[in-house]
Amino acid sequence: MSEVLVLVEHVEGQIKKVTLELLTLARKLGTPSAVWAGPGYSADAKAKLAEHGAEKIYVADAADITDYVVAPKVDLLQQLVSSASPAAVLVAATAEAKEIAGRLAVRTDSGVLTDVVGLEDGAVADQSIFGGGVNVRSRVTKGTPIIAVRPNAVPVEAAAAAGAEEQVSVAVSDASRTAKVVERVKEEKGARPELTEAAIVVSGGRGVGSAENFSIVEKLADSLGAAVGASRAATDAGWYPHQFQVGQTGKTVSPQLYIAAGISGAIQHRAGMQTAKTIVVINKDPEAPIFEIADFGVVGDLNQVVPQLTEEIAKRK
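For the sequence shown, counting from 1, position 213 maps to 1101 in the working numbering; every step adds exactly one.
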């Protein structure tokens, strides 16, 4: 079977969950080959990639790959596409990786699919497009399919593989060195899971009423081991930090469970969360548009419903 290249998402050597999802999907198309770009590669990383299906691991751990913005990773993938002739290239549908996918498509004269939420034999993809308003099935018809998959789109399935390591030397072009990273600021990580990778997300909107009231949303999230999100109305009001905004102009999430408290459901918000597997809505307005996509809905005041829900969850632990 042909190789399927999977770009590994990692932070300080720790492999992100979306990479394991990509390896799971890659097995539908061919033989998964992980591509490690930048420093941090280790024996533990090798073992984890092999455990989840990577038959081969291309390792390009030179520091200059991450010293510049995006382009060196494109150089690496372009080189591997040329030498390995893969059946497809899979990346995560993050802001950086989608830029990599677009640049790689231009360089290799190939088609690209973004915001993919499912993949079948023949590289037929399920996509959520037009701000989440339309779901389509698509397939690349030219060149090497380059596919950006949303985190949490599929469950992770382990499948032991060889994990044969191959060191790769990539020549970073002068053009790729024109935008240099001059500083990195490490964001303090709390106890909650990362928003885009969380299996459960609890979000609050305008109906929360104030920054202080967001504490009830946080308590519910903590009782479930969930991440906290917010609508644009809530972040614009200064009630919650903008990095937690879910929606078309914020982050896209696709968790197993999404709880929306006090969110009316404008199309911009729905675009960022409507591929969640189960959607629960709490809103006092029975005509709120978000009820149209809800699996379960509670019509009521979130200030009463959410604390009761948190209390009930605590009783069952």
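From the three backbone atoms N, C-alpha and C, an ideal C-beta is built for every residue, glycine too.
Please determine, among the options, the residue with the shortest C-alpha to C-alpha distance to residue i.
i, options, result
"S1016", "D1009, A981, P1043", "A981"
"T1140", "I1155, L895, V958, Y946", "I1155"
"V1090", "E1082, V1105, G1097", "V1105"
"V979", "L1108, Q967, V962, S971", "V962"
"S1026", "A1099, G1010, P1039", "G1010"
"G941", "V894, E900, S971", "V894"
"T954", "L968, T1029, G926, A985", "G926"
"S1057", "V947, S971, A1036", "V947"
"S971", "T1032, V899, R1204", "T1032"
"G1095", "W1127, L968, A1079", "W1127"
"K1030", "A1121, G999, A1059", "G999"
"V1069", "V1022, A1099, A922, P960", "P960"
"T1066", "V958, R1080, S1103", "V958"
"A1063", "Y956, S1098, A1114", "Y956"
"A951", "G901, L917, V969", "G901"
"V1060", "L964, E984, E1008, A1036", "L964"
Along the beta strand (DSSP E) that carries residue i, what are the first and last residues, could you check?
i, result
"L895", "891-895"
"R1038", "R1038 -> no beta strand (DSSP E), and no H or E assigned at all."
"A1079", "Element bounds for A1079: n/a, residue is neither H nor E."
"I1088", "1088-1092"
"Q1162", "Neither: Q1162 is in no beta strand (DSSP E) and is coded neither H nor E."
"A980", "976-980"
What are the residues that DSSP puts in a beta bridge with residue i?
i, result
"E1008", "V1012"
"A933", "Answer is none; A933 lacks a bridge partner."
"F1184", "V1168"
"N1101", "Answer is none; N1101 lacks a bridge partner."
"A948", "A925"
"V1134", "K1139"
"Q1192", "BP columns for Q1192 are empty, so no partner."
"Y1128", "None; Y1128 has no bridge partner."
Counting only C-beta atoms, is residue i closer than 8 Å to chain D at any point?
i, result
"P974", "In summary, chain D is missing from the structure at hand, where a single protein chain is found."
On the three-state DSSP scale, how would you describe residue i?
i, result
"V1116", "strand"
"Q1144", "coil"
"D1110", "helix"
"V899", "strand"
"D963", "helix"
"A938", "helix"
"T1123", "helix"
"E1054", "strand"
Using a Cβ-Cβ cutoff of less than 7 Å, which residues in the same chain neighbour residue i once the five nearest sequence positions on both sides are dropped?
i, result
"Q966", "L992, R995, T996"
"G1185", "V1169, F1179"
"E939", "A1046, A1048"
"R1038", "A981, D1003, V1004, V1005, T1140, S1142, T1163"
"K936", "I903"
"K934", "I945, G1051, E1053"
In its own chain, which residues sit with a C-beta less than 6 Å from the C-beta of residue i, not counting the 5 before and 5 after it?
i, result
"L1145", "I1088, T1166"
"A1109", "V1090, V1116"
"Q1055", "V947"
"T907", "V896, E897"
"N1023", "S1016"
Output needed for residue i: all residues of its chain with C-beta closer than 8 Å, excluding positions within five of it in sequence on either side, in chain order.
i, result
"T919", "M889, S890, E891, V892, E943, K944"
"V1134", "L1083, V1089, S1091, G1117, A1118, S1119, T1140, V1141, H1157, G1160, M1161"
Kindly indicate the opening and closing residues of the alpha helix (DSSP H) around residue i.
i, result
"R1027", "Run containing R1027: none; DSSP gives neither H nor E here."
"L911", "905-914"
"I1178", "From DSSP, I1178 is part of no alpha helix (DSSP H); its letter is neither H nor E."
"L992", "983-996"
With respect to 7 Å, is the separation between the Cβ of residue i and the closest non-hydrogen atom of the ligand SAH below this value?
i, result
"Q1015", "Because no ligand of any kind appears in the structure shown, any question about the ligand SAH cannot be addressed here."
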